[in-house]
Amino acid sequence: MIKADVLYDKNALSGLMKFNAVDRPWKWAAYILVTLLVTVWLIMNIGRDFFFFYLMILILVAAIDFLVIYSYFIMPKVRLKNFSADKEVMNHFTFTDEAIKITSESKERKGSSEIKYEMIFKACESKDAFYLFVNKRGALIILKNAIIEGTVDDLKSLLNSKIPDKKRNKLIKK
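Structure below.
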């Protein structure tokens, strides 16, 4: 049994934002390439017929660019600034062979839950923490220095044995 007591801080949450923002770098390259090609094509055809049509496509591409940049770079920073609701919440994690048991407590509320290892969408590791994603954007953050029973290697081997390879990020090594 491995236990960790985690009080989230801005560093842990900013690490989570980094994993979310650069989840699949090849998508960014493909997106930028398509945007550049469409823009060059539109500029080359701007003097021809259907000027209004080309202008609308250019505006649409610019709007999509703005929304993508906003959702991947600006929104995470806004969420990070507004994390005050979670900053005083103490999370107690207990890793058993069957599931992860979580007890959360703060001044205003207290709760508990259990997450089976099969429910983990993706697992990542940084130099300071483990990020166990339960969906594309939300993750359990287990700081390595917050482990109170067991070791980092114990937790890593438990996660490697319980989470399938396809769900583990390459950062978690056996």
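For the sequence shown, the numbering used here begins at 3 and goes up steadily by one. The C-beta atom is built at its ideal place from N, Cα and C for all residues, glycine as well. Since the model is a prediction, treat every value here as computed from it, not as a measurement.
Exposed unless 16 or more other CB atoms sit within 10 angstroms - verdict on residue i
| i | result |
| --- | --- |
| Y119 | buried |
| F68 | exposed |
| K176 | In this prediction, K176 scores a pLDDT of 40, lower than 50, which makes its location untrustworthy; the coordinate-derived value is nonetheless stated afterwards. Label assigned to K176: exposed. |
| A65 | exposed |
| L157 | buried |
| V8 | buried |
| Y133 | buried |
| F135 | buried |
| L39 | exposed |
| I122 | buried |
| V24 | Bear in mind that the predicted position of V24 carries a pLDDT of just 49, short of 50, making it too unreliable to give a figure here. |
| L161 | buried |
Sequence-distant residues of its chain with Cβ nearer than 6 Å to residue i (five each side left out)
| i | result |
| --- | --- |
| L60 | L44 |
| K164 | Y119 |
| M46 | none |
| F105 | In the sequence under discussion, the amino acid at residue 105 is Thr, which differs from the Phe named in the question. Only H94, S114 meet the Cβ criterion. |
Cβ pair residue i, residue j closer than 9 Å
| i | j | result |
| --- | --- | --- |
| L145 | I102 | no |
| E90 | S115 | no |
| N93 | Y33 | no |
| A6 | I117 | no |
| G152 | M3 | yes |
Residue span of the alpha helix (DSSP H) that contains residue i, given as start and end
| i | result |
| --- | --- |
| V154 | 154 to 164 |
Span of the beta strand (DSSP E), counted from its first residue to its last, around residue i
| i | result |
| --- | --- |
| Y119 | Careful: Y119 lies outside any beta strand (DSSP E) and carries neither H nor E. |
| A131 | 131 to 135 |
| N93 | 92 to 97 |
| S106 | 101 to 107 |
| K5 | 4 to 9 |
| K124 | 124 to 127 |
| I143 | 141 to 145 |
Any C-beta of chain B under 9 Å from that of residue i
| i | result |
| --- | --- |
| A65 | Given the protein chain composition of this structure (a single chain), no chain B is represented. |
Residues of its chain near residue i, where Cβ-Cβ distance is below 8 Å and the 5 sequence neighbours each way are ignored
| i | result |
| --- | --- |
| L62 | none |
| P166 | none |
Spatial neighbours of residue i in its chain, beta-carbon cut-off 7 Å, leaving aside the 5 residues before and after
| i | result |
| --- | --- |
| T37 | V63, D67 |
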